[in-house]
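Have a look at the structure below before the remarks.
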Amino acid sequence: MAILITGIAELATCDDELEGADHADGLGLLHDAALVVGTEHEDVATTIKWVGPATGAPAADWAIDLGGKAVLPGFVDSHSHLVYAGDRSAEFAARMTGQRYDGGGIASTVSATRAADDDTLRALLRARVDEMRAQGTTTVEIKSGYGLTVHDETRMLRLAGEVTDEVTFLGGHVLPPGTGRSAGERSAYVDLVCGRMLQAATPHARWVDVFCEPASPHAFDEDEARTILAAGIAAGLLPRVHGNQLAPGPGVQLAVELGAASVDHCTYLSDADVDALAGAAGTTVATLLPGVEFSTRSPYPDARRLLDAGVDVALATDCNPGTCSSSSMSLMIALAVREMGMTPAEAVCAATLGAAKALRRDDIGRVRVGGPADLAVLDAPSYLHLPYRPGVPLARTLEV
Ligand code: NIG
Ligand code: FE
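With the sequence shown counted from 1, adding 223 to any position gets you this note's numbering.
What follows is the structure, encoded as structure tokens:
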């Protein structure tokens, strides 16, 4: 079954090899374009069969006319924490009147999540994934990290695996509530994460992550983070890091040292951090999460500085109950353009191809023959409308 999609005023392919496309701004743009998508068998995922100008489109079994809209790769949200119960809107409100974020509020989400049964968590998770999909996100990475016991981390990972292949073990999120801050108690928890918890998590996860943030008393220092990531790598998981969110710190250098696919937040970077990330282009992506700065009233990361240095940059939501409760990649693009010095084209690339790189995926994040038909359509004629019309629900997943 082949479906011809026409009426595409502007197609952003993010494919730098597509012949005939405009590659000036890195988006591989085609105007008045068409796509053919289809599947050989009903049980096989729909793939892209043909991409090009509408005038050259081949015949198909079925046709859809979008009537002059923009189409782009479905957004890749490469950083989220969607398995949780509870609500921290009051914490958000307190921050807006001056309270600082230090990760302490995570404890309340841990209590609510542990208390919720699987069916409750599953329903909450599925509603959040549906909310993302309705806004044009076609791939989402999901972390554990609100269980912090062997039992609760494992069930979070199992539930995440029901809705995505990109599952991340984050037993090293914060010290569990009630843990004393003595060196002995800290190292006992790190031992648990690297031992029985990791063993239970590994069959359910692709990635291992850690909140490496010595500026927070709740999170992990450089040595603890290295220990957790090294154990995860030894168990066969691929590393990624939360780093440099609240203050300058060791997260970026650690991520580069370990060949992590991504270091996320990157709000406070030294020149040495930027140099290290530039040297690690092709291996380690800097994933920027501007919804966090918006929702914690913090300074935005300097994306321009990173891009000018040649760093690979991604954008993601970090959707979670504490630091950013938005699931909107369109909002992240608007913030990146307005607040972080990115051009609209750079922001769209970072939310698609860049985020795919942050997940070490070369099948998604672009529109290319042979790839999955993961597409977003805008209720607008150009991708420029994403930052131009912030807060307007323009993007949705193109269901074919
Ligand atoms: O990526 N920084 C640490 N973890 C999450 C926030 C978790 C929370 O506050 O619930 C983040 O921002
Ligand atoms: Fe996060």
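Even glycine gets a Cβ: it sits at the ideal position worked out from N, Cα and C.
Closest by C-alpha distance to residue i, when choosing among the options
i	options	result
methionine 565	Ser548, Asp585, Arg591, Leu538	Leu538
glutamate 447	Asn543, Ser551, Phe434	Phe434
alanine 235	Ile228, Met224, Ile226, Leu253	Leu253
glycine 378	Gly394, Ala453, Glu364	In the sequence as presented, glycine is not what sits at residue 378; that position holds arginine. Measuring from the Cα of arginine 378, the nearest candidate turns out to be Gly394.
alanine 232	Pro616, Glu622, Ala603	Ala603
alanine 599	Leu415, Asp541, Leu617	Leu617
leucine 250	Val615, Thr575, Leu382	Thr575
proline 471	Leu492, Arg619, Ile456, Ala579	Leu492
histidine 302	Cys542, Gly384, Leu258	Cys542
proline 626	Asp498, Thr507, Gly418	Residue 626 lies beyond the range of the chain shown here (224 to 623); nothing can be said about it.
threonine 620	Val260, His246, Met355	Met355
Residue i, buried or exposed, once every other Cβ within 10 Å from all chains shown has been counted against 16
i	result
serine 367	buried
alanine 484	buried
histidine 465	buried
valine 333	buried
serine 405	exposed
glutamate 265	exposed
glutamate 622	exposed
tyrosine 342	According to the sequence provided, residue 342 is aspartate. The question's tyrosine does not apply to it. The residue in question, aspartate 342, is exposed, as its Cβ has fewer than 16 Cβ neighbours within 10 Å.
alanine 495	exposed
histidine 304	buried
threonine 546	buried
Terminal residues of the beta strand (DSSP E) in which residue i lies
i	result
cysteine 435	430 to 435
serine 485	485 to 488
glycine 227	The identity of residue 227 in the sequence shown is leucine, whereas the question assumes glycine. Counting along the chain, the beta strand (DSSP E) containing leucine 227 begins and ends at 225 to 235.
glycine 407	Looking at the DSSP string, glycine 407 is not in any beta strand (DSSP E); the run it does join, the alpha helix (DSSP H), is 406 to 415.
isoleucine 271	270 to 276
aspartate 255	252 to 261
Residue span of the alpha helix (DSSP H) that contains residue i, given as start and end
i	result
threonine 507	Careful: threonine 507 lies outside any alpha helix (DSSP H) and carries neither H nor E.
threonine 377	373 to 384
isoleucine 287	Counting along the chain, isoleucine 287 falls outside any alpha helix (DSSP H), though it belongs to the beta strand (DSSP E) covering 285 to 296.
valine 352	341 to 356
alanine 578	578 to 581
isoleucine 496	Here residue 496 turns out to be aspartate, not isoleucine, going by the sequence shown. Start and end: 494 to 502.
Any non-hydrogen atom of ligand 4 within 6 Å of residue i CB
i	result
threonine 262	This structure does not include ligand 4; its bound ligands are ligand 1 and ligand 2.
Is there contact between the segment 525 to 539 and the segment 559 to 575, where contact requires at least three CB pairs shorter than 8 Å? With the rule of 3 Cβ pairs closer than 8 Å, the segment 525 to 539 counts as touching the segment 559 to 575.
Cβ contact check for the segment 388 to 402 and the segment 438 to 452: 3 or more pairs under 8 Å: Flag = yes, the segment 388 to 402 and the segment 438 to 452 touch.
Pairing CB atoms from the segment 260 to 275 with CB atoms from the segment 591 to 601, are three or more of them under 8 Å? Touching, yes.
Contact the segment 497 to 504 vs the segment 468 to 480: 3+ CB pairs below 8 Å: As far as the Cβ criterion goes, the segment 497 to 504 touches the segment 468 to 480, which means the pair count is three or higher.
Determine contact between the segment 291 to 306 and the segment 604 to 614, defined as no fewer than three beta-carbon pairs at a distance below 8 Å. Contact between the segment 291 to 306 and the segment 604 to 614 is present: 3 or more CB-CB pairs across the two stretches fall below 8 Å.
Are the segment 348 to 368 and the segment 575 to 588 touching by the rule of at least three beta carbon pairs closer than 8 Å? Inter-segment contact for the segment 348 to 368 and the segment 575 to 588 is present: three or more beta-carbon pairs are separated by less than 8 Å.
Report yes or no: do the segment 276 to 286 and the segment 311 to 331 share at least 3 C-beta pairs separated by less than 8 Å? Using a C-beta cut-off of 8 Å, the segment 276 to 286 makes no contact with the segment 311 to 331, since fewer than three inter-stretch Cβ pairs fall below that distance.
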